[in-house]
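Chemist: Numbering-wise (the numbering used here), the sequence shown opens with residue 463 and increments by one. The structure that follows is given in the form of structure tokens.
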Amino acid sequence: MKQGRLIIAANWKMNRAPEGALAEGSPYLPNKDIDVVVFATLLDLRRCIVAGIITGAQYGFPKEKGAYTGETSMQMICEEGAQYVLCGHSERRDPPHNETDEFIAEQVASALKAGIYPILCIGETEKEHDADLTFDVIDRQLKRVTLTPKVTIAYEPRWAIGSGKTPTPSEAQKIHAFIKKKGGSRTLYGGSMNGKNAKDFLKQPDIDGGLIGGASLKPKEFAMIVEAARAITGRITGYA
Numbered sequence: 463m464k465q466g467r468l469i470i471a472a473n474w475k476m477n478r479a480p481e482g483a484l485a486e487g488s489p490y491l492p493n494k495d496i497d498v499v500v501f502a503t504l505l506d507l508r509r510c511i512v513a514g515i516i517t518g519a520q521y522g523f524p525k526e527k528g529a530y531t532g533e534t535s536m537q538m539i540c541e542e543g544a545q546y547v548l549c550g551h552s553e554r555r556d557p558p559h560n561e562t563d564e565f566i567a568e569q570v571a572s573a574l575k576a577g578i579y580p581i582l583c584i585g586e587t588e589k590e591h592d593a594d595l596t597f598d599v600i601d602r603q604l605k606r607v608t609l610t611p612k613v614t615i616a617y618e619p620r621w622a623i624g625s626g627k628t629p630t631p632s633e634a635q636k637i638h639a640f641i642k643k644k645g646g647s648r649t650l651y652g653g654s655m656n657g658k659n660a661k662d663f664l665k666q667p668d669i670d671g672g673l674i675g676g677a678s679l680k681p682k683e684f685a686m687i688v689e690a691a692r693a694i695t696g697r698i699t700g701y702a
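This is the structure in structure tokens:
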């Protein structure tokens, strides 16, 4: 069953803020019905915070300080005003970064210590999916992480990222139900969610929101996803 308020998270990746995103009436701003979070580049974090947007960093380094050229610690991200951080996004697990489950577990622990909410991204490759290894992969990716109510989990089938392919909502629901049994709090779906399919995914009982990539760079389409979540929220006892 759903837990807490729905989250619609925009991952802008290596793109600047869309035109009008920081203006009054923007769909990226907070609203009373759901949690809207924007994962901006480090260069746009401060601008988003000043505009009143709830922000997250796309990545954080697990060490607090030291000789780590080019890195930004979780503590620094927190001090900048961000409230969330992505850990283990599929694009960070892949080359050239090749982040491991061990490193990602360190990130989650470091984020919690710093006082920011980690969104842990997990999911299988197309090869693993075709070999019917989805649940084995997810089990492995969660095993090293201490799950608490402050950790949100985003299931992003790696074969669906940017491809336009998606599992069916019922397939995604089965995977989210499996994840919820492992612990953590909210679970988000993060594989090519858009304005057309958002409602079908969000109405599933164990899907608590979405981690939106390409569609989050299109304000009108992102607004459609936000409105779909708000509509679902209005039908959940105790959420309206």
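Glycine included, each C-beta is placed from N, C-alpha and C at the ideal position. A quick note: this is a predicted structure, and the numbers were derived from the prediction, not measured.
Residue 584 by DSSP, collapsed to three states: which one?
Modeler: DSSP places residue 584 within a strand segment (E or B) once states are collapsed to three.
Chemist: Quick check on this structure: which residue in 633, 625, 639 and 582 has the alpha carbon closest to the alpha carbon of residue 656?
Modeler: 625
Chemist: Nearest to residue 619 by alpha carbon, out of 684, 527 and 674?
Modeler: Nearest C-alpha to residue 619: 674.
Chemist: Among 540, 559, 520 and 525, which has the Cα closest to the Cα of residue 582?
Modeler: 520
Chemist: Looking at the structure shown, is residue 672 part of a helix, part of a strand, or coil, going by DSSP?
Modeler: strand
Chemist: Could you tell me which of 501, 549, 527 and 524 sits nearest to residue 543, measuring between CA atoms?
Modeler: Residue 543 has its Cα closest to that of 501, out of 501, 549, 527 and 524.
Chemist: Please classify residue 672 as buried or exposed, where buried requires at least 16 neighbouring CB atoms within 10 angstroms.
Modeler: buried
Chemist: Helix, strand or coil: which one does DSSP assign to residue 607?
Modeler: coil
Chemist: Determine the closest residue to residue 680 out of 565, 477 and 602, with distance taken between C-alpha atoms.
Modeler: 477
Chemist: With a 10 Å radius around its C-beta and 16 neighbouring C-beta atoms as the bar for buried, classify residue 592 as buried or exposed.
Modeler: exposed
Chemist: At the level of alpha carbons, what is the spacing between residue 610 and residue 484?
Modeler: 32 Å
Chemist: Using only the alpha-carbon positions, how far apart do residue 511 and residue 558 sit?
Modeler: 30 Å
Chemist: Closest by CA to residue 630, which one among 654, 570 and 649?
Modeler: 654
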